[in-house]
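Chemist:
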Amino acid sequence: MAELNELYQQVILDHNKKPRNFKRLETANREQEGYNPLCGDQITLYLLMEGDVIKDVGFQGSGCAISKASASMMTAAVKGKTRDEAEVMFDEFHRMVKGDLDAESEQNHLGRLKIFAGVREYPARVKCASLSWHTLRAAIEQKGEGHGEFVTTEAEHRQD
Amino acid sequence: MPAALEVEAKGMRTSQFDVHRIREDFPILKQQVHGRPLVYLDSAATSQKPQVVIDAIKSYYAEQNANVHRGVHYLSQLATREYEDARVKIQRFINAAETHEIIYTRGATEGINLVAQSYGRKFVHEGDEIIISAMEHHSNIVPWQMLCEQNRAKLRVIPINDDGELLIEEFARMLNRNVKIVAVTHLSNALGTIVPVKRIIELAHSQDVPVLLDGAQAAPHLKVDVRELDCDFYAFSGHKMCGPTGIGVLYGKSHWLESMPPVLGGGDMISSVTFEKTTYNSLPYKFEAGTPNIEGAIGLGVAVDYLNSVGLDRIAAYEHELLDYATEVIGAIPGVKIVGAAREKSCVLSFTVDGIHPHDIGTVLDQEGIAVRAGHHCAQPVMKRFDVPATARASLAFYNTKEEIDALAVGVQKAIEVFS
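First to last, the protein sequences are chains A and B.
For the first sequence, the working numbering assigns the number 1054 to the initial residue and increments by one for each residue that follows.
For the second sequence, the working numbering assigns the number 23 to the initial residue and increments by one for each residue that follows.
1) So, using beta-carbon positions, are residue 1110 (chain A) and residue 1099 (chain A) closer together than 8 Å?
2) Which word fits residue 1145 (chain A), buried or exposed, when buried means at least 16 other C-beta atoms lie within 10 angstroms of its C-beta?
3) Can you tell me whether DSSP reads residue 1089 (chain A) as helix, strand or coil?
4) By a C-beta neighbour count over all protein chains shown, 10 Å radius and 16 as the cutoff for buried, is residue 32 (chain B) buried or exposed?
5) Helix, strand or coil for residue 373 (chain B), going by three-state DSSP, please let me know.
6) How would you label residue 39 (chain B), buried or exposed, when you count the other beta carbons within 10 angstroms and need 16 or more for buried?
7) Cβ atoms of residue 242 (chain B) and residue 262 (chain B): under 8 Å apart, would you say?
8) Does the distance from the C-beta atom of residue 357 (chain B) to that of residue 387 (chain B) stay below 8 Å?
9) In the DSSP assignment, what are the bridge partners of residue 298 (chain B)?
10) Along the chain, where does the beta strand (DSSP E) that runs through residue 1103 (chain A) open and close?
11) Please report the distance separating the alpha-carbon of residue 258 (chain B) from that of residue 1131 (chain A).
12) Determine the closest residue to residue 159 (chain B) out of B:435, B:442, B:397 and B:423, with distance taken between C-alpha atoms.
13) For residue 1123 (chain A), count neighbouring Cβ atoms within 10 angstroms of its own Cβ and tell me buried if that reaches 16, exposed if not.
14) Measuring from the CB of residue 355 (chain B), is there a heavy atom of the ligand ADP at a distance below 7 Å?
15) Let me see if you follow: with CB-CB separation under 8 Å, is residue 386 (chain B) close to chain A or not?
16) Could you say which of B:379, B:77 and B:415 lies nearest to residue 353 (chain B) if we only look at CA atoms?
17) What residues from chain A crowd round residue 412 (chain B), counting only those whose CB sits closer than 8 Å?
18) Between which two residues does the beta strand (DSSP E) containing residue 255 (chain B) stretch?
19) Are residue 271 (chain B) and residue 133 (chain B) close, meaning C-beta to C-beta below 8 Å?
20) Using a Cβ-Cβ cutoff of less than 6 Å, which residues in the same chain neighbour residue 255 (chain B) once the five nearest sequence positions on both sides are dropped?
21) Does DSSP put residue 205 (chain B) in a helix, a strand or coil?
22) Touching or not, the region 1078-1090 of chain A and the region 343-351 of chain B, by the rule of three or more beta carbon pairs under 8 Å?
23) Output yes or no for whether 8 Å exceeds the beta carbon distance between residue 65 (chain B) and residue 419 (chain B).
24) Measure the alpha-carbon distance for residue 1141 (chain A) versus residue 1059 (chain A) and round it to whole angstroms.
25) For residue 2 (chain B), count neighbouring C-beta atoms within 10 Å of its own C-beta (all shown protein chains included) and say buried if the count is 16 or more, exposed if not.
26) By Cβ distance below 7 Å, which residues in the same chain neighbour residue 195 (chain B) in space, the five residues on each side in sequence not counted?
27) Taking C-beta to C-beta, are residue 178 (chain B) and residue 148 (chain B) nearer than 8 Å?
28) When the Cβ atoms of the region 425-442 of chain B are set against those of the region 402-412 of chain B, are three or more pairs found closer than 8 Å?
29) Based on the DSSP secondary-structure assignment, which residues constitute the bridge partners of residue 313 (chain B)?
30) Check each residue of the region 149-171 of chain B: if its Cβ is closer than 8 Å to any Cβ of chain A, include it; give the result in chain order.
31) Could you please give the first and the last residue of the uninterrupted beta strand (DSSP E) stretch that includes residue 126 (chain B)?
32) From the beta carbon of residue 441 (chain B), is the nearest beta carbon of chain A less than 8 Å away?
33) Excluding sequence positions up to five away, which residues of its chain have a Cβ less than 7 Å from the Cβ of residue 1210 (chain A)?
34) Does the beta-carbon of residue 1072 (chain A) have 16 or more other beta-carbons within 10 angstroms, so that it is buried, or is it exposed?
35) Taking the DSSP output, what are the residues bridged to residue 151 (chain B)?
36) Hey, out of B:219, B:45, B:247 and B:74, whose CA is closest to residue 154 (chain B)'s CA?
Quick look at the structure:
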């Protein structure tokens, strides 16, 4: 069961039970929905952008432990970051959960997010871990303020 | 000779089902997954294949491969005979009146699409209505939505109750002279409900409305007699009934199939072609354009032989016992809620566990070597009806054992421990 413990680390279980920033952000100027059609996971992400900086972020939705913990830890990680910094983190995170980046030996900006490295052993769960990140990217890329069209994790099929 | 045949021949254990002999016929069941014996509880997604089916596909390519209906040479005739013999086996399996009422398709999905596009083109017009039910698989929803959009018809949905049973009285009220076809599942993939299709067919026929049954789940678990049911169309898939993937069957009553236009054009579906006019081939070939899935059809024929040798009645009785056991054992675990409690049920145990997402249950079980489905089971409206984002689904077949249900129970307990 060693592998299972690696996926469901205590920190992940904790964020699943008590997700951080799990709220509708009243001050948000971006709102974005993300959806994982495979398992029905759904997330609404609220962003307060000031220029290029993510000033505040919150989320709501329903999903599995991996997707919920990932969203929770993502919100903590990107708060105060610029869009370019967030994009770098997304890229590194995505490569890590797919097994293309060894977060222990290669340089990266993932910090606490490294805890999701165990996902690489579970290809079916890559989408769960990256749903919130896809949603964040879509929210950042929205032109101006408002509500973007919902994004899905379906492109993962082609990437995997 | 398959184990099941030997059992039958020796007349032993007629009342008791010797599942351990049956399991010998399925090589995949002997393997280990993550260091544990495989517990395969995902037969509603696809069934495992007995050795006889695997052998038939292999020997087709090793000894019989040629195109059908074309060659004068030995191999082509051999392949054609095997391919057409399988059609007869399938005809008998569902008790169709005529062999030409058996159309080979890629699966149930293609069969339903064929009827939607072909019957729909001819008989469904603006303002007409199509009736489906609230517990359909996406494959019996989307083809009708597409047709409705094309022909400006209206899709209507028979509601279900909290146990996952269809509301027949509501259905009776929905019937009117604008209804052009009723399409319902015979056995729900998400809830396990056995739908009272005979009653539905009687009611629809009393208003001259034809009925299509989605038999993808029912074909391997219930004895299907299309003449006794009096359904107009019956669509099912080979891979859910011990046959290969990529082959399926659409049964249609002759008079409907005769009156319907072909959907795919090409070779094999014509009797003569000029640039001015093409004359279509007779049934069933009118609906079978192009080189078909020959080894699939032959494999499905062997799967039918195999299921017959075990006996659908005995399969149904054993699976019923197994489902009752699973319902009791899994239902007794604190925090588990079973979704779908129809009085008439077969082979599907959909459930949720308080505080744990089905996807996480699926991953924990997988580590125990237990294969279940976690998700919406291609039936999102059903999930919405029961207000759950997804469920975990253990689906049973006649090669499963009570010990495997016990392993599932242990696995679910383990998931509860991990997430407690």
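Just so it is clear, CB atoms sit at the ideal spot from N, CA and C, and this is done for glycine as well.
Modeler: Considering the structure as presented:
1) yes
2) buried
3) strand
4) In this predicted model, residue 32 (chain B) has a pLDDT of only 43, less than 50, meaning its place in the structure is not dependable; the value taken from the coordinates is given anyway. So residue 32 (chain B) counts as exposed.
5) strand
6) buried
7) yes
8) no
9) Paired residue(s): none; residue 298 (chain B) is not in a bridge.
10) 1094-1103
11) 50 Å
12) B:397
13) buried
14) Questions concerning the ligand ADP fall outside what the structure shown contains, since it holds no ligand whatsoever.
15) yes
16) B:415
17) 1092 and 1093
18) 255-259
19) yes
20) 137, 234 and 274
21) strand
22) no
23) yes
24) 25 Å
25) In the structure as shown, chain B begins at 23 and stops at 442. Residue 2 (chain B) is therefore absent and cannot be evaluated.
26) none
27) no
28) no
29) None; residue 313 (chain B) has no bridge partner.
30) none
31) 124-127
32) yes
33) Interpretation of residue 1210 (chain A) is limited by its pLDDT of 46, a score under 50 that renders its predicted location unreliable; the figure taken from the coordinates is listed afterwards. Within the same chain, residue 1210 (chain A) has no close Cβ partners at all.
34) buried
35) B:176 and B:201
36) B:219
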